[in-house]
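Taking it in order: structure first as structure tokens, then the write-up.
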Amino acid sequence: GHTHPVWDVAWSPEGFYLASTSYDSTARLWSINHHYPLRIFVGHQGDVECVKFHPNCNYIATGGADRTIRLWDLSAGSQVRVFRGHRTPVTALAFSPENDVLISGAENGEVLVWDLRMGRVLARAFEAHSDVVTAVDVCQPVSGGAGGGTLFATSSLDCSVKIWDSKRVSETSLAGDAGPSQGLNMAAIKEFRTKDTPVQTLRFGLTNILYAAGAPRPADYD
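Position 129, counted from 1, in the sequence shown is what our numbering calls 319; the numbers after and before it change by one each time, with no gaps.
So this is what it looks like as structure tokens:
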């Protein structure tokens with residue numbers, strides 16, 4: 191297995207495979223029938239912080255301390271694409287269930303929406319959160335297709351959960367330092383805050399009820 195601490199684990203949609211990431215700079219693919227990894231993915235230049243399966247189960251995405259996101263082909267065991275645009279380590283990932291979109295969050299609170307086919311940023315929020323983005327999840331499609339694939343939620347150590355629509359962006363490109371290829375500005379459409387509890391994870395249920403969980407800061411136990 192891994193030679194250093196494991197930072198994240200994700201199950202494939204059908205539940206037969208799982209992927210893990212580690213301080214040892216690798217991601218690994220496992221199956222429930224074997225105690226050894228089926229694939230070892232090497233490419234990140236530092237900790238691999240997070241991992242998510244593509245909805246079609248043919249790919250995984252990993253985010254790393256090297257500020258990159260990497261897309262991997264599970265059958266070939268090879269790297270398909272590298273996404274560069276974050277300014278700090280990538281801490282959270284989520285695929286849209288209905289289109290070729292990937293959403294990522296980072297240590298500095300930034301959130302980016304990526305076009306998987308073109309490898310470019312579609313939208314971004316430079317200051318989505320004031321602390322580490324801990325989780326991202328995408329609203330599932332409902333009858334008539336409303337909301338599916340464009341609405342998503344993020345959680346953070348800043349004690350908040352925010353709802354976003356990746357299609358609700360400003361018409362002004364974030365040029366300047368970021369460059370015109372860095373997407374359009376995006377603003378949250380809803381925010382929920384705890385009193386003083388960092389939010390560690392969240393997930394949309396089958397009926398698109400959003401569940402979030404957190405834990406008091408270590409000092410709160412004193």
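Yeah, the Cβ is synthetic: ideal placement off N, Cα and C, and Gly gets one too.
Keep in mind the model is a prediction, meaning the values are calculated, not measured.
Tell me the rounded alpha-carbon separation between residue i and residue j.
i	j	result
Thr258	Pro406	30 angstroms
Gln235	Ala255	8 angstroms
Thr362	Thr278	Confidence in Thr362 is poor, its pLDDT being 49 and thus under 50, which makes the residue's placement unreliable; the coordinate value appears in the next sentence. So the two alpha carbons sit approximately 24 angstroms from each other.
Arg383	Cys349	6 angstroms
Val323	Gly253	12 angstroms
His192	Tyr226	10 angstroms
Asp321	Arg260	23 angstroms
Pro331	Glu288	8 angstroms
Ala251	Val311	15 angstroms
Leu347	Ala296	11 angstroms
His194	Cys240	15 angstroms
Leu341	Thr281	20 angstroms
Gly205	Thr397	20 angstroms
Hey, out of the options, whose CA is closest to residue i's CA?
i	options	result
His276	Pro245, Ser268 and Ala318	Ala318
Lys380	Asp355, Asp348, Leu396 and Thr340	Asp355
Pro245	Leu392, Tyr213, Leu264 and Ala377	Leu264
Val389	Arg229, Arg274 and Ala343	Ala343
Phe316	Thr216, Val199, Asn375 and Arg229	Asn375
Ala403	Leu396, Gly395, Thr397 and Thr387	Thr387
Hey, residue i and residue j: beta-carbon distance below 8 angstroms or not?
i	j	result
Thr211	Trp201	no
Pro203	Phe231	no
Gly233	Ala313	no
Ala284	Val351	no
Gly299	Phe273	no
Asp456	Tyr213	In the structure as shown, the chain begins at 191 and stops at 412. Residue 456 is therefore absent and cannot be evaluated.
*Are the segment 217–224 and the segment 293–313 touching by the rule of at least three beta carbon pairs closer than 8 angstroms?*
no
*Can at least three beta-carbon pairs, one atom from the segment 263–272 and one from the segment 285–299, be found at a separation below 8 angstroms?*
no
*Which residue spans inside the segment 282–359 form an unbroken beta strand (DSSP E) run of at least 3?*
291–296, 301–305, 310–315, 323–328, 341–346 and 350–355
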